[in-house]
Every structure is written in C-alpha cells, then in structure tokens.
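Colleague: Each protein sequence line maps, in turn, to chains B and W. Under numbering that gives the first Met the number 0, residues 0 to 347 are what the first sequence spells out, in order. Under numbering that gives the first Met the number 0, residues 0 to 347 are what the second sequence spells out, in order. Note that CB positions come from ideal geometry on N, CA and C, so glycine has one too. Note that the structure is a prediction, hence the values are computed from the model and not measured. Here's a structure for you.
2 protein chains.
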Amino acid sequence: MKLENRCLIQALRREPADRRPVWLMRQAGRYLPEYRELRSRAGSFLALLKTPELAAEATLQPVNRFDLDAAIQFADILTIPDAMGLGLDFRVGEGPHFRQRIARAGDVSALPVLDPERDLDYVLAAIKASKRELSGRLPLIGFAGGPWTLAAYMLEGGAGGGSFPVARAATHADPVLVDRLVSRLGVAIAAYLTAQAHAGADVLMLFESWAGLLDPPGFRRYLLDPMAEIITGIKADTLARHCPLIVFPRGAAQHLVSLAALDLDALGLDWTVPLGTARTAVGAKVALQGNLDPAALYAPEPRLRAAIRALCAEYGPGPGHIFNLGHGISPDVRPESVAVLVDEVHQH
Amino acid sequence: MKLENRCLIQALRREPADRRPVWLMRQAGRYLPEYRELRSRAGSFLALLKTPELAAEATLQPVNRFDLDAAIQFADILTIPDAMGLGLDFRVGEGPHFRQRIARAGDVSALPVLDPERDLDYVLAAIKASKRELSGRLPLIGFAGGPWTLAAYMLEGGAGGGSFPVARAATHADPVLVDRLVSRLGVAIAAYLTAQAHAGADVLMLFESWAGLLDPPGFRRYLLDPMAEIITGIKADTLARHCPLIVFPRGAAQHLVSLAALDLDALGLDWTVPLGTARTAVGAKVALQGNLDPAALYAPEPRLRAAIRALCAEYGPGPGHIFNLGHGISPDVRPESVAVLVDEVHQH
C-alpha cells in the first residue's frame, strides 16, 4: 500500500523530504490520559502488550492526537526473552524482572529456537491490526531489543538497578557464555524483525538501550559484530531488505563511526550527543534521528521551542534528519508540550 | 617534603616516569577485609569519614597492601552539600540521601558560604594525618565532587536511582536556579580544594560522576563553564596552583576535546572510552588516566593480564598514562585480583 505521508521514508533514504519528520520514542505511553485509560481497561501492561487489538489501539493513540510522521508499534523490547520462557513481569518502581536468568552454558542451550509466527504471533497480529487502522496514512515502525541489551537483561535477570553488575561481570568472567547468548539472540532478532516486515512494518528499528555498559572490546564483541550478523540476516530476506533500518545505541557517542559503517539507514542518537558533531562524523553515511533531551519537555514553551530550533539549526541544511527525543518520553510530561514540539519541528 | 615515589607527578606533567603509575578509584573501600573491619569499628560510614585518624587509616590501607603509586584521601564527594546542612545519610541499597533538597531560589540563597577550615576541618585534619603516615612515600590525592554532580544530588535530594529525573527536569524547567546552585557550589569547591592543597594534598581531583546526564548545551552551561571558574579559583592560590589537577567526567566521551581545553593536567576516562582514540584527540594536551573496566577484575588471571596489556599497548609509547580503572572498584572484587592488576601494570 502506498503511504500518504512519506517524509520519514524520504529522510531515511536521505532524499529531500516533504517536511522534517518527527516521531517520539515511547510516544504511545503513560503521559497520554487515553493510554492510561486503555492500560487500566487491559488490566496490566502485559495484557495490553499481548492483546493485538488493544496494542494496535495504543499504537494509534499518539498519531491520532498529534501530527506525527510515523507510528511505532506498541510492544516491548523484552518480548523475545519472554517468548524464550524466562518469565517476564513488571514490578512497580523496579522495571522488568525475569523469573529465571541465564547463568551458565546449559541455560543458553536450553533456550528454545523461536519461530516468530508461532511464539510472537501477538506482535505480528498487532502490527497487522495497526496497519489496518493506519490504512496507509503513516509508516509503521516495528522494533526489537538489540542483542547486547537483551543479553544484559537475561544475564542480570532484570534491570539490575540500571547498572547491570552481574551482566557486566559476565562479559569478563565468562565471555564464551555471553558470546553464545548474543549469537542465539541474534538469530531470533533477525527472524523477528523479518517477520515484522512481512506483517506490514514499513521501517525496522533496533534498540541497544544499554550499549553504554560495555568497554570498547566488549562493544565490538557483544554488540557491533552480533548486530552486523543480524543485519545480514535481515538483508537475506527479499522483503525485509527493503525496510529502512534504524539503530538506537544509548551511551555510544564514542562508537558512532563504527556503527555507521554497518549496513543501516539511520542512527538514533541519545540526548547527550552533539548532533552537529555527529553529522560531521557520520552524516554522509546515514540519516540521524534525535536527539532532544526528553527533559526539555518540562521547559516553558518559549524555551522548548528555542531548544528545538537550536537542534534543527545544529543539524544544518540538507536531508537526513528525523526529529526525535534522545530517549523515551517521560510518563509525567504534559501532552500539551508534545503538541508544541511537533508544531515547532514542522516549522523548520 | 620530597616524595620518594614521583611517577604519578611525572606522568601528570607528561615527563618520562620511573614507571607507569597506577592507583584505583575507590581503592580504600569495601573489597578490603581490613576496611570492612575498620568501618565496623567506626560504627558507620559517616563516623569513619568524620574521624580523621580513622579516615587516614582507611587511606593508608590499600597502599600498605599493594604496590600502588598514589594514595587518595578517604572521603566522599558529598562532603560539601553535607557541610552546607542538607543532612546527608546513606541508606543501605539506596546510596546517598539528603533530608532537604534544593527546589527554589530561596533554597540556594539560604545555603551557607563554606569556610573549609571551619566547616570541613575533619577532611583537612584527615589529610594531615594521612600525610604524616605516608611520610613522603607516595603522593596524596585530595578530591571534591564537581559542580554539576553536586548540584544533581542536591536538586534530586539523593541519587534518584541513578537517573536523576528531578535534577534533569530542573536543567530545563528552571535553568537560572541551576545556574545559581552550580555557581555557589563552584566557589565552595575551589575553596575546598585549595584548603586541601594547604593541608598537604599533592594532587587535586574533581569527580563529575554524572556528567553523562546532560545534553550538550547543559554540559557547557552547568559543567564546563563552572569548572573553568573553579580552576581559575584554584590557580589564584600561590600554593594550590602548583598541584596537578585531574578531572574525571563519567559519560562524557563526546566532550573530551572541550574538557582538555581547560587548564588541567589530566583527564580521567571512564571504561567506555577507547583509550587510543582519546589520546589521539586530546593526549597532546593532557595526561590520561584510566580506564580498565572495573568488571575486568572478575576475569580469570590470564584474561585480566591480557586486558591490562592491551590497554597499555593501546595508549602507546611515551609518557602521560596513569593506569586506573574506568570507575570505582566494586565491593565484591577479590583483593588478589587487584594485586595481579598492579603487578601487570608495572611490567609495562
């Protein structure tokens, strides 16, 4: 189906776009009253995630309220470890938690090989439902957690208070275990993203939210090389290979050049990266997505508008900028601030 | 007093050194059984911190056990906000907490102007006691928290689970409040470090442990510019100006060039920064300290030694490298691994 709004696709191909595209990480989320109502109706986050019609409704909520240039499928980066049987749940104030963690080689070999059509059918059904609802208005982004980020959660058994001490220790104490885990995850991620493309996703995205935990040798071994294999896997599929690919590595400002050398279309930048410097370093190779500080949404309107203008000016002229936040939107942001953001971006 | 071991000072001046100096962030700490005994004897962390003879004993413990090239005064980065009356305490599993936080302009104006000789006398007395015990064997490093890091704790009222949502929101919602706070802190930090030099510290260090929370405009406004003022303050003192200065900015790989342009002697690098790239970018201007992943201390001995060799090789020939971890040592590390680290560094 031909898309009505193509500016995201144009920017990802670094072609002149109808306007500067904007969407926001976690745009379907708790800052929206209609999302809170939907989640309460679903009963729990996991029920919302796993009921395709409700997940599609969540996906559409932000694009129905704001003049955004893309929808992103409402899902979670931890769907793969959940489907592998680790027993995902979300504890209030603590983030994700697994009943089991990966501690030894046997735990990796015991992980099932995923068939996305069978084991993650609810995500694919939700994508199909979202596409039906969107009926060609906007592109739909499908996504997965990156190999290192998923491995970190699985080694830790949760988020480890954000510092992942167990996972980080494992990268040095048992590198072969971590190798096996990221390799196993890589196969699953490639199959999952490929299946999302077949279900209708127009753009694919990989979130390496915990890239910043790794030392440089670990970054290459557990993130960069496995990601190159995932991309090879996706590009082997005749349909998925045509979906533009965005990679968001949080805390990896020092590795942008290596990342941009991968066969991908855009790098998502976290809010700490100077956008102009990043464009100078890698902007001739890939599009750049980002990277307003999510906390800028707490600023009074004139200051918020000024920050957006400054960021667009810093990117400079020419195509290839997808406006976004440098991290997911915070749950207590006022929806009015998001409307201001979208309005201001479209003036540039 | 002439120092017997001058290799840290030589490396900081980028002069050829007798050997590659090594010390470890948080080297006086819980991984040492003698530290745990001392802390238990003191009754609490705060009692240990505030009793000069005990703090000096903690300072000496690692240099008596290992062949390290510097002692660092046992203290805490939060001594300044504590002396300002915010009511510091440490909760098990939660990190530091303040009874009061800085929420509005009046809270900043109500902060007392510190006189380190009066308000932080226990740190200065501990430095004098450590110097007596060291009797010229090794240089002693005195330190303070950086202006942004202290401001972040004070705005948040604690560590905010490591993500400091309140402090980050304030940088956008009330920038003038944050300006005033970092400015007030800057004056206190300059006076405190100057007083530490007068008490006998041979080297001064600033920890910006939470540099990675800021977007690029915030980094300049709340960290870089205030730090330049602090350095001007230190350099105005005829004694303190001769103490080499190390700045450790965690999560600021993208800002090393701006930081190196300050009037400082060394940059401490966190474990995520490629050391060779950093040296190429800024190594002609400053010495570099770091940056082995603290988690590498969990590796089996041959792997740990190989990681140290690789890091030294990555720095390359020539002076100006101070070996350290890229973050504080973890409490559950085996002291034997630290002995291996020190031994391996001194072979290069």
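Q253(B) touches chain W at which residues, Cβ-Cβ below 8 Å?
Modeller: Position 254 of the first sequence, counting from 1, holds the residue named residue 253(B). Neighbours of Q253(B) on chain W, chain order: A252, Q253, T271, V272, P273, T276.
Colleague: With DSSP run on the structure shown, which of helix, strand or coil describes N352(B)?
Modeller: Residue 352(B) lies beyond the stretch modelled for chain B, which goes from 0 to 347, so this question has no answer here.
Colleague: Which ranges would you report for the alpha helix (DSSP H) in the segment 214-270 of chain W if only whole runs of at least 4 residues count?
Modeller: Qualifying alpha helix (DSSP H) stretches, in chain order: 215-218, 224-234, 255-259.
Colleague: Roughly how many angstroms lie between the CA atoms of H326(B) and S129(W), to the nearest whole one?
Modeller: Stepping through the first sequence from its first residue, residue 326(B) is reached at position 327. Stepping through the second sequence from its first residue, residue 129(W) is reached at position 130. If you take the alpha carbons of H326(B) and S129(W), they lie about 45 Å apart.
Colleague: Compare the C-alpha of L223(W) against each of A251(W), A196(W), T237(W) and name the closest.
Modeller: Here residue 223(W) corresponds to residue number 224 of the second sequence, with the count starting at 1. It is A251(W) whose Cα lies nearest to the Cα of L223(W).
Colleague: Note down the Cα distance separating R304(B) from L340(B), rounded to an integer number of angstroms.
Modeller: Here residue 304(B) corresponds to residue number 305 of the first sequence, with the count starting at 1. Here residue 340(B) corresponds to residue number 341 of the first sequence, with the count starting at 1. Looking at the two C-alpha atoms, the distance is approximately 7 Å.
Colleague: One question on the structure: do A125(B) and A74(B) come within less than 8 Å of each other, judged by their Cβ atoms?
Modeller: For this step, residue 125(B) is matched to residue 126 along the first sequence. For this step, residue 74(B) is matched to residue 75 along the first sequence. Yes, the pair counts as a contact, with Cβ atoms nearer than the cut-off.
Colleague: Check the Cβ-Cβ distances between D292(B) and every residue of chain W, and say whether any is below 8 Å.
Modeller: Here residue 292(B) is taken as the residue at index 293 of the first sequence, counted from 1. Output row for D292(B): interface = yes.
Colleague: Can you give me, in chain order, the residues of the segment 32-55 of chain W that have a beta carbon less than 8 Å from any beta carbon in chain B?
Modeller: none
Colleague: Please report how far the alpha carbon of G185(B) lies from the alpha carbon of M226(B), in whole angstroms.
Modeller: For the purposes of this step, residue 185(B) is identified with residue 186 of the first sequence, where counting begins at 1. For the purposes of this step, residue 226(B) is identified with residue 227 of the first sequence, where counting begins at 1. Cα to Cα, the separation comes out at about 7 Å.
Colleague: Closer than 6 Å by C-beta to A306(W): which residues in its own chain qualify, once you throw out the five before and the five after it? Chain order, please.
Modeller: Position 307 of the second sequence, counted from the start, is the residue given in the question as residue 306(W). Closer than 6 Å at the Cβ level, and outside the excluded window around A306(W), lie A295.
Colleague: Compute the Euclidean distance between the alpha carbons of N63(W) and S39(W), then round it to the nearest angstrom.
Modeller: Here residue 63(W) refers to the residue found at position 64 of the second sequence. Here residue 39(W) refers to the residue found at position 40 of the second sequence. Roughly 20 Å between the two C-alpha positions.
Colleague: Given that a residue counts as buried once 16 or more other Cβ atoms are within 10 Å of its Cβ, and exposed if not, what is E207(W)?
Modeller: Your numbering for residue 207(W) matches position 208 in the second sequence. Result: buried.
Colleague: Pull up the distance between the alpha-carbon of L113(W) and that of A194(W), whole angstroms please.
Modeller: Along the second sequence, one-based indexing puts residue 113(W) at 114. Along the second sequence, one-based indexing puts residue 194(W) at 195. Taking C-alpha positions only, L113(W) is separated from A194(W) by approximately 12 Å.
Colleague: Could you work out which residue in E56(W), R18(W), P80(W) is closest to D106(W) when comparing CA atoms only?
Modeller: Reading the second sequence from its first residue, position 107 is the one you call residue 106(W). Among E56(W), R18(W), P80(W), the Cα nearest to that of D106(W) belongs to P80(W).
Colleague: Excluding the five sequence neighbours on either side, which residues of its own chain have a C-beta within less than 8 Å of the C-beta of V202(W), listed in chain order?
Modeller: For the purposes of this step, residue 202(W) is taken as the residue at position 203 of the second sequence. Counting only Cβ-Cβ distances below 8 Å, and skipping sequence neighbours, we find L7, I8, L11, A69, P138, L139, I140, G141, C242, P243, L244, I245.
Colleague: Name the two residues that bound the continuous beta strand (DSSP E) containing H171(W).
Modeller: Numbered from its first residue, the second sequence carries residue 171(W) at position 172. From DSSP, H171(W) is part of no beta strand (DSSP E) but of the alpha helix (DSSP H) over 164-172.
Colleague: Give the DSSP bridge partners of R90(B), in chain order.
Modeller: Taking the first sequence and counting its residues from 1, the one referred to as residue 90(B) is at position 91. Looking at the DSSP output, R90(B) shares a beta bridge with G94(B).
Colleague: Leaving out five residues before and five after R183(B) in sequence, what residues of the same chain have Cβ atoms less than 7 Å from its Cβ?
Modeller: Locating residue 183(B) in the first sequence gives position 184, counting from the first residue. V107, L110.
Colleague: Ignore the nearest five residues each way along the sequence and tell me which others in P32(B)'s own chain have a CB closer than 8 Å to its CB.
Modeller: Here residue 32(B) refers to the residue found at position 33 of the first sequence. Within the same chain, and ignoring the five residues on either side of P32(B) in sequence, the residues whose Cβ sits closer than 8 Å to its Cβ are P334.
Colleague: Scan the segment 119-196 of chain B and note each continuous beta strand (DSSP E) run of 3 residues or more that stays entirely inside, going in chain order.
Modeller: 139-144
Colleague: For T279(B), count neighbouring C-beta atoms within 10 Å of its own C-beta (all shown protein chains included) and say buried if the count is 16 or more, exposed if not.
Modeller: Walking along the first sequence from the start, residue 279(B) turns up at place 280. The residue is exposed, with fewer than 16 neighbouring Cβ atoms inside 10 Å.
Colleague: Looking only at its own chain, which residues have a Cβ that is under 8 Å from the Cβ of R90(B), when we skip the five neighbours before and after it?
Modeller: Along the first sequence, one-based indexing puts residue 90(B) at 91. Counting only Cβ-Cβ distances below 8 Å, and skipping sequence neighbours, we find H96.
Colleague: Excluding the five sequence neighbours on either side, which residues of its own chain have a C-beta within less than 6 Å of the C-beta of H345(W), listed in chain order?
Modeller: The residue given as residue 345(W) occupies position 346 in the second sequence. Scanning its chain for C-beta atoms nearer than 6 Å, with the 5 sequence neighbours on each side dropped, one finds around H345(W) the residues R18, in chain order.
Colleague: Would L413(W) count as contacting chain B if we go by Cβ distances under 8 Å?
Modeller: Residue 413(W) lies beyond the residue range present for chain W, which begins at 0 and ends at 347; the question has no answer from this structure.
Colleague: Got a sec: is the Cβ-Cβ distance from H359(W) to anything in chain B below 8 Å?
Modeller: Because chain W is modelled from 0 through 347, residue 359(W) falls outside the range shown and cannot be assessed.
Colleague: Find the residues of chain W that neighbour S162(B), judging by a C-beta separation of less than 9 Å, and give them in chain order.
Modeller: Working through the first sequence from its first residue, we reach residue 162(B) at position 163. Those within 9 Å of S162(B) in chain W are G161.
Colleague: Determine whether the beta carbon atoms of I101(B) and L45(B) lie at a separation below 8 Å.
Modeller: Your numbering for residue 101(B) matches position 102 in the first sequence. Your numbering for residue 45(B) matches position 46 in the first sequence. Contact: no.
Colleague: Would you mind sorting E364(W) into buried or exposed? The rule is 16 or more other CB atoms within 10 Å of its CB.
Modeller: The structure shown has nothing for residue 364(W), since chain W only spans 0 to 347.
Colleague: Against chain W, does P111(B) count as a neighbour if the rule is that its beta carbon must be under 8 Å from one of theirs?
Modeller: Sequence index remark: in the first sequence, residue 111(B) carries index 112 (1-based). Not one chain W Cβ lies under 8 Å of P111(B).
Colleague: Do you know whose CA, among Q26(W), G275(W), G315(W), lies nearest P216(B)'s CA?
Modeller: In the first sequence, residue 216(B) corresponds to position 217, counting from 1. If we check each option's Cα against that of P216(B), G275(W) comes out closest.
Colleague: So, helix, strand or coil for V339(B), using DSSP?
Modeller: Here the question's residue 339(B) lines up with position 340 in the first sequence. It is helical.
Colleague: What residue range does the beta strand (DSSP E) around A286(W) cover?
Modeller: Locating residue 286(W) in the second sequence gives position 287, where the first residue counts as 1. It spans 286-291 - the beta strand (DSSP E) in which A286(W) sits, taken as one unbroken run.
Colleague: Go ahead and pull the three-state DSSP assignment for I8(W).
Modeller: For the purposes of this step, residue 8(W) is taken as residue 9 along the second sequence, with counting starting at 1. In the structure shown, I8(W) sits in a helix (DSSP, three-state: H, G or I).
Colleague: Taking R302(W) as the query, report the chain B residues whose CB atoms sit under 9 Å from its CB, ordered along the chain.
Modeller: Here residue 302(W) refers to the residue found at position 303 of the second sequence. What R302(W) touches in chain B: H171, A172, P174.
Colleague: Under the three-state reduction of DSSP, which class applies to F65(W): helix, strand or coil?
Modeller: As a working note, residue 65(W) is residue 66 in the second sequence. F65(W) falls in the coil class under three-state DSSP.
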